[in-house]
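S.K.: Numbering (my numbering), first residue to last: 115 to 663.
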Amino acid sequence: MSTDTTTDHYDAIVMGAGFGGLRVSIELGRLGLNYRTLEAGSGVGGVWFWNRYPGARTDSESWVYCYQFDKDLLDEYQWTDRFPNQPQVEAYLNHVADRFDLRKNIDFEAEVSSAEYDEDEGLWRITTADGRTYTCKYFIPAGGPLTASWRPSFPGLDDYQGQWLHTSRWPKEGIDVRGKRVAVIGTGATGVQVIPEVARECEHLTVLQRTPNYVIPARNHPLTADEQRAIKMDYDKIWARCREQFFAMPIPPANRMTSDLTPQEQQRILERGWETGGFRFIFETFDDTIAVPEANKIVADFVREKIRAIVHVPETAEKLAPKDHPIAGKRPPLGHYYYEAYNRENVDLVSVKENPIERISEKGIVLADGTEFEVDVIIFATGFDALTGALTKIDLRGRDGLTIKDAWADGAQTHIGVATKGFPNLFMLFGPQTPFANFPPVAEDISSWIGQAIKHLEESPDFDTMEATQEAMDAWNQHVTDLVNATVIAQGTDVHSWMLGANIPGKTHRVLFHFGGVASFYDSCQKVIDDGWSGFEFRQVAPVTAGAV
Ligand code: NAP
């Protein structure tokens with residue numbers, strides 16, 4: 115517990131020093147604001163600081179999983195892999211923190227436990243878990259979409275005699291699974307990455323799968339010097355393409371629909387996409403996969419056949435082949451020899467869909483029919499309380515003591531994903547209902563938007579707070595709902611899609627992302643400004659000056 119009882123006042127406080135937090139910190143620095151960044155970890159990186167499990171790697175290509183705001187940074191940084199692993203991304207963010215001298219403004223091991231709006235003073239009062247206190251005029255939670263780990267509360271875990279851990283809180287020193295019997299619960303993007311790595315090391319691995327995913331081969335490879343040079347020379351075009359592509363990836367449209375092609379042509383294109391790997395398999399093949407069920411089925415059938423061809427035991431292949439949702443109905447993971455892992459002698463796949471996990475015993479995992487798997491280590495790859503969890507896990511109170519949990523009891527509501535009614539001068543980076551996309555480029559645009567909003571407030575003598583209106587939030591909610599309903603993604607509710615909040619029992623389902631493409635999102639954000647900050651209410655409260663209070 116800190117013995118320091120003074121409260122430091124800042125113009126702005128950023129919560130989180132990951133991709134979003136570092137970028138918005140740079141924006142605040144450019145505005146000349148007195149700001150502080152509070153980071154729960156002992157280093158920068160956010161999700162890339164905590165998720166150290168073996169196999170952790172991006173699913174975005176390295177050359178666009180980075181910042182674009184500084185040309186010199188782009189020129190000097192050398193990515194070595196198509197898909198960088200966790201240490202490589204963490205190293206990049208450390209490089210950025212040093213290069214832009216951001217550490218001087220970061221308090222590490224400063225986990226925000228509460229944030230309360232003081233309406234009389236017009237400021238936010240922030241407290242950390244170890245008792246440090248701060249006040250600020252602008253509060254910018256930049257916890258990222260996937261920070262609050264989620265684990266099903268199986269009874270009996272306290273009595274378990276083995277070791278258990280969640281992938282998102284993997285110890286820095288790693289764990290030794292050699293000679294051990296291991297169970298992995300969960301086959302989402304994380305499980306898919308950790309399973310082949312653990313399988314190689316441990317004595318025996320039991321994978322407990324509830325919903326199989328369509329896992330696309332990543333086809334990672336080291337970048338050659340020629341590729342690195344070509345990327346740097348092409349950067350302007352690459353970023354321009356990211357602005358146009360639906361998910362902020364530098365992938366041009368396929369310019370063809372499945373319906374225009376013969377079955378033979380479709381298969382040829384899919385084969386080529388499968389060899390290219392990554393999300394290019396989805397976006398470079400056809401333009402109708404996500405919106406048209408018939409097109410989706412062609413692609414899904416192709417993946418099911420690939421699974422049957424790769425996995426030697428037909429019964430295992432059938433368990434792995436998804437049949438209960440369309441491809442992209444859940445976020446498809448990229449695999450690094452994922453299906454091949456099930457051809458190992460030491461790996462067993464158990465379906466827990468019909469026969470769910472009931473409890474944890476002293477020795478392992480017990481299913482509803484009484485089957486017990488005795489294991490030495492249980493790895494929970496069970497995901498996150500996405501988007502809202504980073505905020506609802508802290509005691510966040512806005513005007514009139516309104517808690518964020520109450521405000522969002524019927525589902526999160528925002529205006530352009532950045533602001534929510536009742537919480538003045540709170541700007542979220544990455545809040546609910548922002549685009550589902552390659553994160554770094556979107557974080558840059560939102561950071562810039564937040565910077566413009568704060569500048570607008572700072573320059574006005576007539577008001578000093580802004581707050582989203584209910585009407586604007588209703589309209590945005592309707593907009594994002596209409597968008598998702600035009601895609602197969604809406605069908606993910608039945609298969610626990612975290613993109614819809616359906617992975618957490620009891621969480622109100624509401625669209626958590628804007629699925630209208632980043633270009634349309636950027637237009638919406640610009641329109642708010644062009645229309646004179648439409649959807650926001652401005653007020654004047656007591657003036658606040660920087661310095662200790
Ligand atoms: P997730 O996609 O939510 O997967 C959680 C897994 O746990 C699912 O397989 C789920 O089964 C299973 N599970 C949950 N409760 C269960 C229960 N009671 N019994 C059995 N199984 C249960 O979480 P994630 O894999 O951590 O991935 C979340 C997101 O993080 C990804 O979609 C991605 O956006 C991001 N991520 C990105 C990368 C990357 O870019 N390389 C890597 C990892 C994660 P159900 O499917 O049946 O619910």
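Yeah, the Cβ is synthetic: ideal placement off N, Cα and C, and Gly gets one too.
As the structure is a computational prediction, the values presented were derived from the model and not from experiment.
Pairing CB atoms from the stretch 533-546 with CB atoms from the stretch 557-572, are three or more of them under 8 Å?
M.R.: A contact exists between the stretch 533-546 and the stretch 557-572.
S.K.: When you compare only the Cα positions, how much space is there between Pro554 and Ala154?
M.R.: Working through the sequence shown from its first residue, we reach residue 554 at position 440. Working through the sequence shown from its first residue, we reach residue 154 at position 40. Their Cα atoms are separated by approximately 20 Å.
S.K.: Reducing DSSP to helix, strand and coil, say where Cys180 ends up.
M.R.: The count along the sequence shown starts at 1 and reaches residue 180 at position 66. Of the three classes helix, strand and coil, the one that applies to Cys180 here is coil, per DSSP.
S.K.: State yes or no: is the C-beta of Leu188 within less than 9 Å of the C-beta of Lys351?
M.R.: Position 74 of the sequence shown, counted from the start, is the residue given in the question as residue 188. Position 237 of the sequence shown, counted from the start, is the residue given in the question as residue 351. The answer is no: Cβ separation not under 9 Å.
S.K.: What first and last residue would you give for the alpha helix (DSSP H) that runs through Pro554?
M.R.: For the purposes of this step, residue 554 is identified with residue 440 of the sequence shown, where counting begins at 1. Residues 553-573.
S.K.: Report back the beta-carbon spacing between Gln192 and Arg171 to the nearest angstrom; my notes put them in contact at under 8 Å.
M.R.: Here residue 192 refers to the residue found at position 78 of the sequence shown. Here residue 171 refers to the residue found at position 57 of the sequence shown. Not quite, the Cβ-Cβ distance comes to about 17 Å (not below 8 Å), so this is no contact.
S.K.: Alpha helix (DSSP H) containing Gln640: first to last residue?
M.R.: As a first step, residue 640 is located in the sequence shown; it is residue number 526 there, counting from the start. Segment 632-644, the alpha helix (DSSP H) holding Gln640.
S.K.: Quick one: residues in its chain with C-beta nearer than 7 Å to the C-beta of Ser176, no 5 flanking neighbours on either side, listed in chain order?
M.R.: In the sequence shown, counting from the first residue as 1, residue 176 sits at position 62. Same-chain partners within the cutoff: Trp193, Asp195, Arg196, Phe197, Pro198.
S.K.: Quick one: Cα of Asp215 to Cα of Lys411, how far?
M.R.: To locate residue 215, count along the sequence shown from 1; it is residue 101. To locate residue 411, count along the sequence shown from 1; it is residue 297. Approximately 50 Å between the Cα atoms of the pair.
S.K.: If contact is defined by three or more beta carbon pairs under 8 Å, each pair taking one atom from either stretch, is the stretch 616-624 in contact with the stretch 647-657?
M.R.: They do not touch, by the three-pair rule.
S.K.: Cβ of Pro266 versus every heavy atom of the ligand NAP: is any distance shorter than 8 Å?
M.R.: Within the sequence shown, residue 266 is the residue found at index 152, counting from 1. Yes, the Cβ of Pro266 comes within 8 Å of a heavy atom of the ligand NAP.
S.K.: Per DSSP, which one or two residues make a beta bridge with Pro549?
M.R.: Translated into the one-based positions of the sequence shown, residue 549 becomes position 435. BP columns for Pro549 point to His628.
S.K.: Using a Cβ-Cβ cut-off of 6 Å (strictly less than) and excluding sequence neighbours within five positions of His426, which residues of its own chain qualify?
M.R.: For the purposes of this step, residue 426 is identified with residue 312 of the sequence shown, where counting begins at 1. Here the set comprises Asn457.
S.K.: Just mark Ser174 as buried or exposed, buried being the case when its beta carbon has 16 or more other beta carbons within 10 Å.
M.R.: Taking the sequence shown and counting its residues from 1, one reaches residue 174 at position 60. Buried.
S.K.: Can you name, in chain order, every residue of its own chain whose Cβ lies under 7 Å from the Cβ of Glu225, other than the five neighbours on each side?
M.R.: For the purposes of this step, residue 225 is taken as residue 111 along the sequence shown, with counting starting at 1. Hits under 7 Å: Ala154, Thr242, Ala243.
S.K.: In angstroms, rounded to a whole number, what distance separates the CA positions of Tyr167 and Thr301?
M.R.: In the sequence shown, residue 167 corresponds to position 53, counting from 1. In the sequence shown, residue 301 corresponds to position 187, counting from 1. About 14 Å.
S.K.: For the beta strand (DSSP E) holding Phe361, just list the boundary residues, first then last.
M.R.: Residue 361 sits at position 247 when you count from the first residue of the sequence shown. From DSSP, Phe361 is part of no beta strand (DSSP E); its letter is neither H nor E.
S.K.: Would you say the beta carbon of His123 is closer than 8 Å to some non-hydrogen atom of the ligand NAP?
M.R.: Position 9 of the sequence shown, counted from the start, is the residue given in the question as residue 123. No.
S.K.: Counting only runs that start and end within the stretch 502-526, where is the alpha helix (DSSP H) found for 4 or more residues in a row?
M.R.: The stretch 502-526 contains these whole alpha helix (DSSP H) runs: 503-506, 518-521.
S.K.: I want to check one thing, is the minimum distance from the CB of Lys251 to the heavy atoms of the ligand NAP below 8 Å?
M.R.: Locating residue 251 in the sequence shown gives position 137, counting from the first residue. Not so, every heavy atom of the ligand NAP lies at least 8 Å from the Cβ.
S.K.: Quick check: the Cα distance between Ala297 and Ile289, rounded to an integer number of angstroms?
M.R.: To locate residue 297, count along the sequence shown from 1; it is residue 183. To locate residue 289, count along the sequence shown from 1; it is residue 175. Those two C-alpha atoms are separated by around 14 Å.
S.K.: Quick check on the DSSP output: the beta strand (DSSP E) that includes Asp234 runs from which residue to which?
M.R.: Locating residue 234 in the sequence shown gives position 120, where the first residue counts as 1. Here Asp234 belongs to no beta strand (DSSP E), and DSSP marks it neither H nor E.
S.K.: So, under 8 Å CB-CB, Asp273 and Glu476 are touching, yes? Tell me the CB distance rounded to an integer number of Å.
M.R.: In the sequence shown, residue 273 corresponds to position 159, counting from 1. In the sequence shown, residue 476 corresponds to position 362, counting from 1. Indeed, because the Cβ distance is near 5 Å, the residues count as touching under 8 Å.
S.K.: Do Val329 and the ligand NAP come close, with the Cβ less than 8 Å from some heavy atom?
M.R.: Position 215 of the sequence shown, counted from the start, is the residue given in the question as residue 329. False, no ligand heavy atom lies under 8 Å from that Cβ.
S.K.: Cβ of Arg445 versus every heavy atom of the ligand NAP: is any distance shorter than 8 Å?
M.R.: For the purposes of this step, residue 445 is identified with residue 331 of the sequence shown, where counting begins at 1. For the ligand NAP, at least one heavy atom lies less than 8 Å from the Cβ of Arg445.
S.K.: So if DSSP puts Leu279 in a beta bridge, which residue, or which two residues, is it bridged to?
M.R.: Your numbering for residue 279 matches position 165 in the sequence shown. For Leu279, which the question treats as bridged, DSSP gives the partners Ile493.
S.K.: Tell me the DSSP secondary structure of Glu190 in three-state form.
M.R.: To locate residue 190, count along the sequence shown from 1; it is residue 76. Helix.
S.K.: So, using beta-carbon positions, are Leu448 and Ala303 closer together than 9 Å?
M.R.: Taking the first residue of the sequence shown as position 1, residue 448 is located at position 334. Taking the first residue of the sequence shown as position 1, residue 303 is located at position 189. Cβ atoms of Leu448 and Ala303: closer than 9 Å.
S.K.: Compute every distance between the C-beta of Val609 and the non-hydrogen atoms of the ligand NAP, then say whether any falls below 8 Å.
M.R.: Residue numbering aside, residue 609 sits at position 495 when the sequence shown is read from its first letter. Result yes, Cβ under 8 Å from the ligand NAP.
S.K.: Within the present structure, is the beta-carbon of Asp173 separated from the nearest heavy atom of the ligand NAP by less than 8 Å?
M.R.: Indexing the sequence shown from 1 puts residue 173 at position 59. Flag set: Cβ of Asp173 near the ligand NAP.
S.K.: Mapping DSSP to helix, strand and coil, what is Val425?
M.R.: Within the sequence shown, the letter at position 311 stands for residue 425. If DSSP states are grouped into helix, strand and coil, Val425 belongs with coil.
S.K.: Comparing C-alpha positions only, which one of Thr430, Thr249, Phe494 sits nearest to Thr151?
M.R.: Within the sequence shown, residue 151 is the residue found at index 37, counting from 1. It is Thr249.
S.K.: Any beta-carbon of chain D closer than 9 Å to the one on Lys467?
M.R.: Any reference to chain D falls outside this structure, which holds one protein chain only.
S.K.: Would you kindly work out how many angstroms separate the C-alpha atoms of Asp462 and Leu207, rounded to a whole number?
M.R.: Residue 462 sits at position 348 when you count from the first residue of the sequence shown. Residue 207 sits at position 93 when you count from the first residue of the sequence shown. Taking the straight line joining both Cα atoms gives about 37 Å.
S.K.: Can you check which of these residues, Phe541, Asp514, Gln640, Phe498, is closest to Arg283 by C-alpha distance?
M.R.: Stepping through the sequence shown from its first residue, residue 283 is reached at position 169. Looking at the Cα atoms, Phe498 is the closest of the given residues.
S.K.: Using 8 Å for Cβ pairs, my map puts Asn460 next to His318. What's the rounded Cβ distance?
M.R.: To locate residue 460, count along the sequence shown from 1; it is residue 346. To locate residue 318, count along the sequence shown from 1; it is residue 204. Between His318 and Asn460 the Cβ distance is about 5 Å, and since that is below 8 Å, they are a contact.
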